[in-house]
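S.K.: Just dropping this structure here.
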Amino acid sequence: MLTFFRKQKNNKILYLQKGQIMIIAVLFFICISAIIIFGLANPIVRHIAMATSIASSKESFYIAEAGIEDAVYRLKFGLPISSSQTLNIGDDSVVVTVTDELSSKVVSAVGDTDSYFRKIETRLTAGIGASFHYGLQTGTGGITMDNNSIVYGNVYANGDISGNNGARITGSAYAANTAGLNANQVNDNPLLPTSTIQFGHNSTQEDLAQSFSVSEALPINKIVVYIKKVSTPGNLTARITTDNSGKPSTNTLAQGTLAASLVTSNFGWVEVPLSSNPELVVGQTYWLVLDGGNNSSKYYIVGANTDYSSGIGKIGKYSSTWNNTSPTGLDAYFKIFLGGLVATINNVVVGSGSEGDARAHTVSNSSVYGNLYCQTGSGNNKICNTSLPDPSPEAFPISDGNIEEWKSAAEDGEIINEDVNLSGSSSSMGPTKINGNLTISNNYILNITGTIWVTGYINISNGAVIRLSTSYGSNSGVIISDGVINISNNSTFSGSGQSGSYVMVLTTSNSSGAINVSNNAGTVILNAQKGTISFANNAGAKSATAKLINLSNGATITYESGLVNINFSSGPSGGYDILNWKEIE
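Counting from 1 along the sequence shown, just add 1276 to a position and that's the residue number in the numbering used here.
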């Protein structure tokens, strides 16, 4: 019995020992598991935290990128931008800073997402600008200077420079010959014409007209006609006229006399010199009119064919009725010669002190302080130095492509489909396209924040002030008109306030009154490369470029050296090019 109880006790002890071992094993397992779990969880937690940090950092980077892209876009396209600005994107933000360094700008952007910061920096260098090397520059129309008008600077004309009554150029003056003489339009095949056109033998067929268009923008030099006569008709007046709905207009651009004595009873080419040499517009229709009397027994005959594709012949009477040839579709034998004109400088004081050269094929009645380079001349204060060739034509500083890009920049902004009249207050404008006219008057202050394009005319008068926004920095801005521009009564222009900043006022008009200025317009560049700029009543500008320029009544052009390289805030001839783009923090 005692033995039994001992066994029972021992079994109980053994059982209890087994339970303790199990508990210890479980506790040991739990501890090991906890150690393993904590060992695994810590890297996971760290990885999650790291992933969150990386995500926030990336988001901060992209926000900084967005901020810097916004700033670069504004700088490249001339939109307003401050030196420091904060942009909020959702719950995040980016601080963008723009600083000037000589001809470049440094843009930095700091993105902030949950206090994770990323900083990006880009450096932009000023793009190649347009160069205005001269106080005045003209095309083949040349320059006329009257009544004590003065240019403080150099002058370059692809035509004549003509002065009067105290006209003076303080720098150098260059008058370039036009391009070499060339037969731009020719109808002469076959040499023995297959057809003829008879005119001058009755009142309904008194005159001959032949339409044409030129392929180069050069002055017309002379006309040549393949012609013969019957008996002894009188002289003919050869006219170049514009088109009026498919027939000659009465607007004569140039004319000359076709002498009857030069025409024989056999066909031959007869030249007609012209009294003036206007530059013809490429692609525009013009008419050669041979205008004379009528006599049934004394008349003219020209050679003809049906092969000239750029025009058509007509028979009729100048300033009256025109009819088709008989048979219909005949084209007269003719040649239109362009270019080949030599340039002159006449009656101008050139230079000051011992500087200021005059250079042209012919210089007459002028006083030159520097060197006088010419092939012929008379009435000057010194003899011609013939050691240098005649000047060559100089290209205009602005191309049609430049203008189209500026117009495109304007169209990217506000579009206004009506006339705009601004008077007696102030506002900001740009980039803007106005499908209509723009009038600014009565001391109105217009702050330009982008390129402005006006499809109609622009009138600026009565103390109006046009100035560039400070956001332009050292860049210049553009106002474009497709019509005429009138600036009068103490209206002024100014840049952004920084050196090298100007307003350029440009028109695409080919009018003889494309830009009219009757007061000193201030810091402005005027451009009418297809038309005429006229200055009067002490008017002035910093630089002017046109097909033809007239200065009168004390007009003054004061050239500034900074115009040699002008950077515009939009368009191809300025803005900024990206030099580098990198993360710095």
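Note that CB positions come from ideal geometry on N, CA and C, so glycine has one too.
Is the Cβ-Cβ distance between S1573 and S1507 less than 8 Å?
M.R.: yes
S.K.: Classify G1807 as helix, strand or coil using the three-state DSSP reduction.
M.R.: strand
S.K.: So the candidates are N1766, T1768, G1749 and V1754; which of them puts its Cα closest to the Cα of Q1774?
M.R.: G1749
S.K.: In whole angstroms, what is the alpha-carbon distance linking Y1428 and D1464?
M.R.: 50 Å
S.K.: Would I1761 pass as a contact of I1734 if the rule is Cβ separation under 8 Å?
M.R.: Yes. Within cutoff.
S.K.: What span of residues does the alpha helix (DSSP H) with N1826 cover, start to end?
M.R.: Segment S1819 to L1827 is the beta strand (DSSP E) holding N1826; no alpha helix (DSSP H) there.
S.K.: Hey, quick one: how far does the alpha helix (DSSP H) through G1592 stretch, first residue to last?
M.R.: Not the alpha helix (DSSP H): G1592 falls in the beta strand (DSSP E), residues G1589 to G1592.
S.K.: Following the continuous alpha helix (DSSP H) through D1676, name the residue where it begins and the one where it ends.
M.R.: D1676 to E1687
S.K.: Between V1730 and N1718, which are expected to be in contact by the criterion C-beta below 8 Å, what is the C-beta distance as a whole number of angstroms?
M.R.: Incorrect: roughly 19 Å between the Cβ atoms, too far for contact.
S.K.: With the cut-off set at 8 Å, would you say G1753 and I1724 are in Cβ contact?
M.R.: yes
S.K.: Hey, I1591 and I1473: beta-carbon distance below 8 Å or not?
M.R.: yes
S.K.: So the candidates are L1664, G1798, Y1778 and L1744; which of them puts its Cα closest to the Cα of N1765?
M.R.: G1798
S.K.: Three-state secondary structure (DSSP) at F1672?
M.R.: coil
S.K.: Please state if the CB of I1419 and the CB of I1736 are separated by a distance shorter than 8 Å.
M.R.: no
S.K.: Kindly give me the distance between the Cβ atoms of L1534 and L1566, rounded to whole angstroms, as I take these residues to be in contact under 8 Å.
M.R.: 7 Å
S.K.: Under 8 Å between the Cβ atoms of F1393 and E1859?
M.R.: no
S.K.: Would you report the Cα separation of P1466 and T1540, rounded to the nearest angstrom?
M.R.: 20 Å
S.K.: Compare the C-beta of K1504 against all C-beta atoms of chain C and say whether one is closer than 8 Å.
M.R.: Checking the listed chains, one finds no chain C in this structure; it contains a single protein chain.
S.K.: If I measure Cβ to Cβ from N1553 and keep anything under 8 Å in the same chain, skipping five residues before and after, which residues do I get?
M.R.: Closer than 8 Å at Cβ, skipping near neighbours: T1416, P1495, I1496, N1497, A1530 and L1617.
S.K.: Nearest by alpha-carbon distance to T1414: which of I1437, I1426 and L1400 is it?
M.R.: I1437
S.K.: Which residues in the same chain as G1544 place their Cβ atom closer than 8 Å to its Cβ, once the five residues preceding and following it in sequence are excluded?
M.R.: Y1502, I1503 and K1504
S.K.: Go ahead and pull the three-state DSSP assignment for Q1481.
M.R.: Q1481 falls in the helix class under three-state DSSP.
S.K.: Assuming V1383 contacts V1348 (C-beta within less than 8 Å), just tell me the rounded distance between them.
M.R.: 6 Å
S.K.: Where DSSP assigns a beta bridge to F1543, which residues make up the other side?
M.R.: As far as DSSP is concerned, F1543 takes part in no beta bridge.
S.K.: Measure the Cβ-Cβ separation of G1568 and Q1486 and say whether it is below 8 Å.
M.R.: no
S.K.: For G1459, count the other beta carbons within 10 Å of its own beta carbon; 16 or more makes it buried, fewer makes it exposed. Which is it?
M.R.: Reading the sequence as shown, one finds Ala at residue 1459 and not Gly. Exposed, because fewer than 16 other Cβ atoms sit within 10 Å of the Cβ of A1459.
S.K.: DSSP has K1498 in a bridge; who is on the other side?
M.R.: P1549 and F1613
S.K.: Would you check if the distance between the CB atom of I1854 and the CB atom of L1400 is smaller than 8 Å?
M.R.: yes
S.K.: Can the beta-carbon of S1479 be found closer than 8 Å to that of N1571?
M.R.: no
S.K.: With which residues is E1631 paired in a DSSP beta bridge?
M.R.: S1628
S.K.: With distances taken from CA atoms, which of F1408, A1455 and I1300 is nearest Y1432?
M.R.: Nearest to Y1432 by C-alpha distance, out of F1408, A1455 and I1300, is F1408.
S.K.: Taking only the alpha-carbon atoms, compute the straight-line gap between S1369 and T1375 and give it to the nearest angstrom.
M.R.: 20 Å
S.K.: Given D1758, which residues of its chain have a CB within under 6 Å of its CB, disregarding the five upstream and five downstream residues?
M.R.: T1731 and T1784
S.K.: How is the beta strand (DSSP E) around A1812 delimited, first residue to last?
M.R.: Per DSSP, A1812 is not a residue of any beta strand (DSSP E), being assigned neither H nor E.
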